[in-house]
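Right, one structure below, let's go through it.
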Amino acid sequence: MKKKTVFYGRRFGESAAADPNMWAVPYGDMMTSLMIFFLILFALTSLQQEALKVSENQLLVKKLEKFGKISLTAEKINVTFPQDIIFSKGSPELSDNFKVAIADISGYLRKNPGTVIISGHADSSPLRGGKYKDNWYLSAERGWSVGNELIKNGIDPKRLQIRGYGEFNPVAANSTDEGKAKNRRIEMTILKIKTEEPEKFIYYKTTAGENITDISKKVLGDEKFSQKIVELNSGKIDDKGRIIQDTEILLPFNPK
C-alpha cells in the first residue's frame, strides 16, 4: 500500500486568512510608544520648571547681592541690608535704589508664599535731635518703611512681621566705626512654607457591639482618639459609641 504525502499550505497567489486579532499588535506598540513619549515629556517639563525656578532664585540673589549679604537654607532666605545704603542718616525714608530692590523681592514673594520678617537694628550711638527719641523707635520705623514698600508692591500685610531691636541685638562691637556700621542694618527673613505630612490611618476589623473607647485604648493606647474614630467612621457607629455591625473601620495612626 502506497503512503500518501499530504502538503499543508496555500497555493501560489492565494492570500492567507486574516487573523482577527492582528490589529492588537500595532495598537499595543502605538500605546506603548505614546506612554513613553508622555513620560519623557512629563520628565522634561518637570526639569524645565525646576531649572526655571533655580534660575529665578539665582537672578534674585544676584540682584540683591549689590545691596546686602544673603544666606539660604532649606527653611528660609535671610538678607542683611546695611542701613547706610538704604536710608539717609536719622531718616526712615527709603532710597530710590532700594525701592528697585524691593520691587524685585516682591516679584519673588508673590510666587513664593510664606511669612516675611523685617527686623530693624541700630548701633549704640545716641540720636541727637530729630523726631525719634532713641534708636529703638528709629529702627522700628525703618522696618515699617520696608514693610510699607512691600505692601505697595502687592504683598499681603498679613504675611509681614515688623520688629525693631534698636541697639540691643548687635552683630559686632559698637566700640569701632566699622562695628557700628555692621550693627546699623535691616534684616529680611523669608520663611519657606513647609508641606504638611499627610495624615496617616490604619484599617481595623471590628465586630458588632464593640465599644469605640475600648478600641481606642486597646489599639491606639489611649481613649483620647475616640472622638476622632467617630468622625472617621460616620454611619458605622451608633450614638452610644458602639459598632453597628461587623465591619472594617479607619483608625488614626498613632506611633506609640
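So in my numbering the end of the sequence shown lands on 284, straight run, no missing numbers.
The C-beta atom is built at its ideal place from N, Cα and C for all residues, glycine as well.
Asked: Simplified DSSP assignment, three categories, for Gly148; Found: strand
Asked: Pick from Arg156, Asp124, Gly158, Trp164 that is closest to Lys147, judged by C-alpha positions; Found: Residue 147 is actually Ser in this sequence, not Lys. Nearest C-alpha to Ser147: Trp164.
Asked: Rounded straight-line distance, which links the Cα of Ile230 to that of Lys100; Found: As written in the sequence, residue 100 is Leu, which differs from the Lys given in the question. Approximately 38 Å between the Cα atoms of the pair.
Asked: Residue burial classification, Phe281 (beta-carbon count within 10 angstroms, cutoff 16); Found: exposed
Asked: 8 Å Cβ shell around Gly171 - same chain, five flanking residues per side excluded; Found: Ile146, Ser147, Gly148, Ile190, Arg191, Gly192, Ile214
Asked: When Asn181, Ile272, Val247 are compared against Gly237, the one with the closest alpha-carbon; Found: Ile272
Asked: Helix, strand or coil at Gly118 according to DSSP, with G and I counted as helix; Found: coil
Asked: Beta carbon of Lys220 nearer than 8 Å to that of Lys104; Found: yes
Asked: Secondary structure, alpha helix (DSSP H): runs of 4+ residues fully inside the stretch 169-232; Found: 205-211
Asked: Own chain partners of Val144 with C-beta closer than 6 Å, once the 5 adjacent residues on each side are dropped; Found: Arg187, Leu188, Ile218
Asked: Coil, strand or helix - Leu155 by DSSP; Found: coil
Asked: Residues near Ile183 in its chain [Cβ-Cβ closer than 6 Å; skip 5 each side]; Found: Ser134, Leu137
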